[in-house]
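Only one structure is covered here, and it is reproduced in the block below.
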Amino acid sequence: MGDTGQPFLRFEQVSKTYRDTAAVDAVTLDIARGAFVALVGASGSGKSTLLKTVNRLVEPTDGRVLLGGEDVAGLEGTALRRRIGYVFQSIGLFPHMTVAENVAIGPRVAGRPLDAAAVGERLRRVELDPALASRMADELSGGQQQRVGVARALAAGPELLLMDEPFGALDPVTRDALGRTVQGLHRQLGLTTMLVTHDMAEALLLADRVLVMQAGRIVADATPGELLAGGGGDAAQALVAVPRAQARALAAMQL
Amino acid sequence: MNALLTALAGLRVPLAEHVLLAAAALALGIVVALPLAVWASRSATVARIALGLAGLVQTIPALALLALFFPILLALRGVFGPGLPTLGFLPALLALALYAVLPVLRNAVTARSHMDPGVLEAADAVGMSAGQKLRLVEAPLAAPYVMAGIRTAAVWTIGAATLATTIGQPSLGDPIFAGLQTQNWALVLAGCIAAAALALAADALLGMVERGLARRNRPLALAGLALALAGVLAAGIAARDPAQDTITIGAKNFSEQYILARLIGARLERAGYQVRYREGLGSAVIHDALTSGAIDVYVDYSGTLWANEMKRTGNPPAAQMDQAIAAWEKQTSGTRVLGALGFENAYAFAMRGDRARGLGIASLADLAGKGSNVTIGGDLEFFERPEWTAVRDTYGLGAAKRRNFSPTFMYDALTGGEADAISAFSSDGRIAADKLTVLADPKHALPSYDALLLVAPGRAGERRFTEALQPLVGAISVEAMRSANYSVDRADDKRSPQQAADALAQAIS
Numbered sequence: 001m002g003d004t005g006q007p008f009l010r011f012e013q014v015s016k017t018y019r020d021t022a023a024v025d026a027v028t029l030d031i032a033r034g035a036f037v038a039l040v041g042a043s044g045s046g047k048s049t050l051l052k053t054v055n056r057l058v059e060p061t062d063g064r065v066l067l068g069g070e071d072v073a074g075l076e077g078t079a080l081r082r083r084i085g086y087v088f089q090s091i092g093l094f095p096h097m098t099v100a101e102n103v104a105i106g107p108r109v110a111g112r113p114l115d116a117a118a119v120g121e122r123l124r125r126v127e128l129d130p131a132l133a134s135r136m137a138d139e140l141s142g143g144q145q146q147r148v149g150v151a152r153a154l155a156a157g158p159e160l161l162l163m164d165e166p167f168g169a170l171d172p173v174t175r176d177a178l179g180r181t182v183q184g185l186h187r188q189l190g191l192t193t194m195l196v197t198h199d200m201a202e203a204l205l206l207a208d209r210v211l212v213m214q215a216g217r218i219v220a221d222a223t224p225g226e227l228l229a230g231g232g233g234d235a236a237q238a239l240v241a242v243p244r245a246q247a248r249a250l251a252a253m254q255l
Numbered sequence: 001m002n003a004l005l006t007a008l009a010g011l012r013v014p015l016a017e018h019v020l021l022a023a024a025a026l027a028l029g030i031v032v033a034l035p036l037a038v039w040a041s042r043s044a045t046v047a048r049i050a051l052g053l054a055g056l057v058q059t060i061p062a063l064a065l066l067a068l069f070f071p072i073l074l075a076l077r078g079v080f081g082p083g084l085p086t087l088g089f090l091p092a093l094l095a096l097a098l099y100a101v102l103p104v105l106r107n108a109v110t111a112r113s114h115m116d117p118g119v120l121e122a123a124d125a126v127g128m129s130a131g132q133k134l135r136l137v138e139a140p141l142a143a144p145y146v147m148a149g150i151r152t153a154a155v156w157t158i159g160a161a162t163l164a165t166t167i168g169q170p171s172l173g174d175p176i177f178a179g180l181q182t183q184n185w186a187l188v189l190a191g192c193i194a195a196a197a198l199a200l201a202a203d204a205l206l207g208m209v210e211r212g213l214a215r216r217n218r219p220l221a222l223a224g225l226a227l228a229l230a231g232v233l234a235a236g237i238a239a240r241d242p243a244q245d246t247i248t249i250g251a252k253n254f255s256e257q258y259i260l261a262r263l264i265g266a267r268l269e270r271a272g273y274q275v276r277y278r279e280g281l282g283s284a285v286i287h288d289a290l291t292s293g294a295i296d297v298y299v300d301y302s303g304t305l306w307a308n309e310m311k312r313t314g315n316p317p318a319a320q321m322d323q324a325i326a327a328w329e330k331q332t333s334g335t336r337v338l339g340a341l342g343f344e345n346a347y348a349f350a351m352r353g354d355r356a357r358g359l360g361i362a363s364l365a366d367l368a369g370k371g372s373n374v375t376i377g378g379d380l381e382f383f384e385r386p387e388w389t390a391v392r393d394t395y396g397l398g399a400a401k402r403r404n405f406s407p408t409f410m411y412d413a414l415t416g417g418e419a420d421a422i423s424a425f426s427s428d429g430r431i432a433a434d435k436l437t438v439l440a441d442p443k444h445a446l447p448s449y450d451a452l453l454l455v456a457p458g459r460a461g462e463r464r465f466t467e468a469l470q471p472l473v474g475a476i477s478v479e480a481m482r483s484a485n486y487s488v489d490r491a492d493d494k495r496s497p498q499q500a501a502d503a504l505a506q507a508i509s
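Top line first, the protein sequences correspond to chains U and P. Every letter in the first sequence is one number past the one before it in my numbering, and letter 240, counting from 1, is 240. Every letter in the second sequence is one number past the one before it in my numbering, and letter 165, counting from 1, is 165.
Structure below.
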C-alpha cells in the first residue's frame with residue numbers, strides 16, 4: 001500500500017470489449033508501491049490489454065484505473081505516459097535517431113531535455129557503453145536495442161514501469177541477462193513494475209507476485225513461493241508444471 | 001545544327017517562364033498534398049476519397065485539364081470579381097498543381113501506412129503529442145518517400161507545362177507549338193531538348209535531396225535543395241515582367257495568326273507600346289480571352305464569330321455579317337471591331353488537281369455524289385464546327401469518311417493520299433503552290449470569313465492604340481496574305497513569322 005493509505009495502482013471493474021468479445025472482463029486488482037507483478041497467460045488472455053489500460057494506449061470500455069488515487073481517464077494522455085515507463089516486444093526504437101536521441105526522447109518531448117552526461121548515465125544503468133550514444137539504433141544487436149528501450153523507458157525517472165513481453169524477441173542468454181538487469185533496476189530505483197509474459201519461468205524468477213489471466217479474468221494471484229508450493233489453483237499449476245518438468249528433466253540428465 | 005543552336009539560344013524567356021510555372025505548380029501541389037496526407041493517415045475514409053480523386057484527376061488528359069480551368073475561372077469571376085485572370089499563369093498553375101498532387105499524396109500515404117507499428121506505438125508511449133509525433137517521427141520517416149513522390153511530380157509537371165502554351169501561358173511549349181505550326185523542326189527540337197533537359201536536371205537535384213534524406217545526410221539534401229532553389233531564382237530574374245503598360249497580342253495556332261500578330265505588334269511598338277504575344281490559343285478560348293482583357297487585340301474571322309460566338313445560323317452577305325458582328329460585340333462586351341483587314345480566310349474544300357479531275361469533282365455537290373468512296377481530312381476541330389454541319393447537311397456529305405489531322409500535316413495528307421479532300425483555308429499559300437483545286441460551294445453553305453481586327457473592351461476607347469492599328473483596315477489583299485503565309489509554311493527557304501510580317505508590312509505600305 002502507498003504512503004497515502006491507498007494502493008499505488010488500482011483496477012476497478014476494468015473491462016475492454018472488442019465488438020462482442022471481452023478481452024478484459026471486469027478485472028479488479030490492487031498493486032502496491034514497489035511491487036514486481038508478473039501477468040502470465042496464453043496469447044489472447046487479455047494480459048497486454050489490461051496492461052495498456054494503465055498508460056491509456058488502450059481505453060477501457062468500462063471501469064477505471066487509479067494511479068496514486070487519481071483516475072487516469074481524467075489525466076491528459078501525453079502527461080500520463082511521460083510519468084510511466086513502457087517497454088514492449090517490438091522495442092520500437094526510432095530508426096532515424098541516434099541511441100542518445102532515443103534515450104533522451106521522453107524528457108525532450110516533456111520539455112526537460114537531458115544533457116550528454118545524463119544520457120551516458122542512463123546507458124550505464126542498463127549496462128551499455130556510453131560510447132554507443134552516437135550510434136544509430138539499427139546498428140545495435142537485438143539485446144542492445146532492448147537495453148536502449150529500457151533506458152528510454154526509465155530516462156525521465158518514472159515510478160511505474162510497464163513491460164509487455166519485453167524479452168519475447170531475444171535469445172535465451174540475452175533474455176536472462178536483461179531480465180536480471182531489469183530486476184536490479186526495479187530494486188535500485190524503487191520502481192513499481194508490471195511485466196506481461198507468457199513464460200511462467202520468467203515470471204517466477206523475476207516477480208514477487210504472479211497473476212494468471214485466462215479469457216480476460218485473473219484466475220490466480222500468488223507469490224512465486226506459493227506457486228512453487230502447489231498453490232494458486234489449477235490454471236496456475238498447469239503453467240508452473242511446464243518449467244518444473246523441464247527442471248526435473250534437466251536434473252535427471254545430470255545423474 | 002546551326003538552326004538548332006540559334007533556336008536553343010532564343011529560349012531564355014520560355015525556359016524561365018517554364019521553370020517558374022512548374023516550380024510554382026509543384027510547390028502548390030506539395031502544399032495541398034502534405035496536409036491532405038496527414039489527414040488521410042488519420043482517417044481511412046479520407047485516404048480513400050483523396051487518393052480516388054487525385055487518381056481521377058490523373059486520368060484527365062493534361063491538355064483537357066488545362067482547358068477546363070478556363071470556364072471554371074470564368075464562373076468563379078462571379079465570386080472573385082472580373083479581375084480574376086482566366087488565361088495564362090493562373091489556370092496553368094492550378095491545373096498543373098492538381099496534377100502534382102497525386103504522386104506526392106500517394107507516396108506520403110503509402111509511407112505512413114508502411115511505418116513500423118512498433119515505432120509509432122513507442123512514439124505514443126514516450127508521451128508525444130500528436131504534433132510531436134508528426135514532427136519528430138512520422139515526417140522524418142516518411143520524408144524520403146515523399147521526396148520520391150515530389151521527384152515524380154516534378155518530372156510530370158515539367159512535361160505537362162509545355163501544354164500551358166495553349167491557354168496563353170508562355171512555356172517551352174511556345175517553340176514546340178510554333179515550330180510544329182510553321183514546320184520549323186529546329187524550333188520543335190529545341191523546345192523538346194530544353195524541356196527534357198529541365199526535367200532531367202530537376203530529377204537529379206531532387207534525387208540528391210531524396211538520397212540525402214534517406215541516408216540522413218543533411219549536407220547532401222541541403223545542397224540539392226539549394227541548387228534547385230537557385231535555378232528557380234535564376235528563372236525569376238530572367239523572366240522579370242517587362243514594363244507596366246504592355247499590350248498582349250493574341251494569336252491562334254496557325255501561321256497566318258502568328259504573322260498578323262507580329263504585324264500588329266510592330267505597329268504598336270512604333271506607337272510606343274511594349275508588346276508581348278500569347279500565341280497558340282485555341283479558337284474557343286481566344287475570344288473570351290479578348291473580352292476578359294487577358295489579351296488586348298487579335299484577328300478573328302467573321303464566320304467563326306457568327307457561328308461560334310453569336311450562335312447564329314444563316315448566311316448573310318459579308319458586309320452585312322461584319323456589321324452585325326460589330327454591333328453584337330459592342331453590345332455584349334464592349335469589344336470593338338476595328339474593321340476588316342481586307343482578305344478572307346474562309347473554309348474551303350481543296351483537292352489535288354489531278355485527283356479532282358480524275359474523279360470529275362468540281363464542287364461540294366460532286367464530292368457528296370461519291371458517298372463513302374471519299375475521305376475528308378479536317379483539322380482537329382473542324383468536324384465539331386457548325387460550318388461542317390452546314391456543309392454536311394446542305395450537300396449530304398454524311399456518308400464520306402472523316403479523318404483528323406494536325407493543321408500542319410493536312411496538306412501532306414492530301415499529297416500522300418490519306419485524304420481525298422481537306423478542309424483548307426482560302427488564304428493559304430499552299431493552295432496555289434500545290435496547284436490544289438478549291439471546290440465550289442454553289443449553295444453558299446459556307447459563311448464568309450472576313451479577317452476582322454478585334455480590340456479588347458479596355459482598349460476600345462484608347463485613341464493612340466486604335467489609331468496605330470487603323471491603317472491595317474482594308475489594307476491586306478488575299479494575295480498578299482497568301483504569299484506571306486506561304487513564305488512561312490513552305491518547306492524550303494522558310495521565313496519566320498516575324499520576317500514574313502516585316503515583308504507583309506513592306507508590301508502593303
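Don't be surprised by glycine CBs; every beta carbon is placed ideally from N, CA and C.
Asked	Found
Endpoints, beta strand (DSSP E) assigned at Arg-217 (chain U)	217 to 222
Coil, strand or helix - Asn-404 (chain P) by DSSP	strand
Whole-angstrom distance between Ala-142 (chain P) and Val-240 (chain U), CA atom to CA atom	46 Å
Proximity winner among P:Gly-280, P:Thr-246, P:Tyr-449 and P:Ser-255, relative to Gly-265 (chain P) (alpha-carbon distances)	P:Thr-246
Between the CA atoms of Ser-41 (chain P) and Phe-254 (chain P) - distance to the nearest angstrom	49 Å
Option in U:Ala-100, U:Asp-115 and U:Gly-111 with minimal Cα separation from Leu-128 (chain U)	U:Ala-100
Buried versus exposed call for Asp-450 (chain P) [16 or more other C-beta atoms within 10 Å across all chains shown]	buried
Cross-strand partners of Ile-31 (chain U) (DSSP beta bridge)	U:Leu-9
Whole-number beta carbon distance between Leu-28 (chain P) and Leu-93 (chain P), since they are thought to touch under 8 Å	6 Å
Contact with chain U by Ser-41 (chain P), beta-carbon distance below 8 Å	no
Within 7 Å of chain U by C-beta, residues of the segment 137 to 171 of chain P in sequence order	Val-137, Pro-140 and Leu-141
Proximity test, Ala-390 (chain P) beta-carbon vs the ligand SAM heavy atom, cut-off 7 Å	This structure lacks the ligand SAM, and indeed carries no ligand of any kind.
Sheet register partners of Ala-38 (chain U) (DSSP bridge)	U:Leu-195 and U:Val-210
Exposure label - Pro-158 (chain U); buried when at least 16 CB within 10 Å	buried
Backbone CA spacing between Ala-356 (chain P) and Leu-51 (chain P) [nearest angstrom]	56 Å
Rounded C-alpha distance that separates Asp-25 (chain U) from Leu-51 (chain U)	13 Å
Nearest-angstrom Cβ-Cβ length linking Ala-151 (chain U) and Gly-106 (chain U), presumed shorter than 8 Å	That belief does not hold up - the Cβ atoms of Ala-151 (chain U) and Gly-106 (chain U) are roughly 10 Å apart, past 8 Å.
Coil, strand or helix - Ile-295 (chain P) by DSSP	coil
DSSP three-state assignment for Ile-105 (chain U), whether helix, strand or coil	helix
Chain-ordered chain U contacts of Met-115 (chain P) [CB-CB under 7 Å]	Within 7 Å Cβ-Cβ: nothing; Met-115 (chain P) doesn't reach chain U, min ~10 Å.
Any chain U beta carbon closer than 8 Å to Arg-12 (chain P)	no
Length of the line joining the Cα atoms of Glu-210 (chain P) and Met-147 (chain P)	5 Å
Coarse secondary structure for Met-147 (chain P), derived from DSSP in three states	helix
Contacts around Gln-144 (chain U), its chain only, beta-carbon distance under 8 Å, and the 5 residues preceding and following it disregarded	Leu-128 and Leu-132
Helix, strand or coil at Lys-252 (chain P) [DSSP, three-state]	strand
Rounded Cβ spacing between Thr-510 (chain P) and Pro-457 (chain P) (contact assumed at less than 8 Å)	Nothing about residue 510 (chain P) can be read from this structure; chain P reaches only from 1 to 509.
Span separating the alpha-carbon of Lys-401 (chain P) from that of Glu-387 (chain P)	17 Å
Cβ neighbours of Arg-122 (chain U) in the same chain (closer than 6 Å, five flanking residues each side left out)	Val-103, Ala-151 and Ala-155
Pairwise C-alpha distance: Ala-326 (chain P) and Gly-461 (chain P)	15 Å
Spatial distance of Pro-224 (chain U) from Leu-222 (chain P) (CA atoms)	58 Å
Residues that Ile-218 (chain U) contacts on chain P, provided the C-beta gap is smaller than 7 Å	Chain P residues near Ile-218 (chain U): none, gap ~24 Å exceeds 7 Å.
Any chain U beta carbon closer than 8 Å to Val-126 (chain P)	yes
Per-residue DSSP class, three states only, for Thr-59 (chain P)	helix
Interfacial residues, the segment 17 to 40 of chain P to chain A, with Cβ spacing under 7 Å	Absence of chain A from the displayed structure is noted, the protein chains being U and P.
Selected residue, minimal CA-CA separation from Gly-184 (chain U), among U:Arg-56, U:Val-126, U:Phe-88 and U:Val-173	U:Val-126
Start and end residues, alpha helix (DSSP H) containing Tyr-347 (chain P)	Segment 347 to 352 is the beta strand (DSSP E) holding Tyr-347 (chain P); no alpha helix (DSSP H) there.
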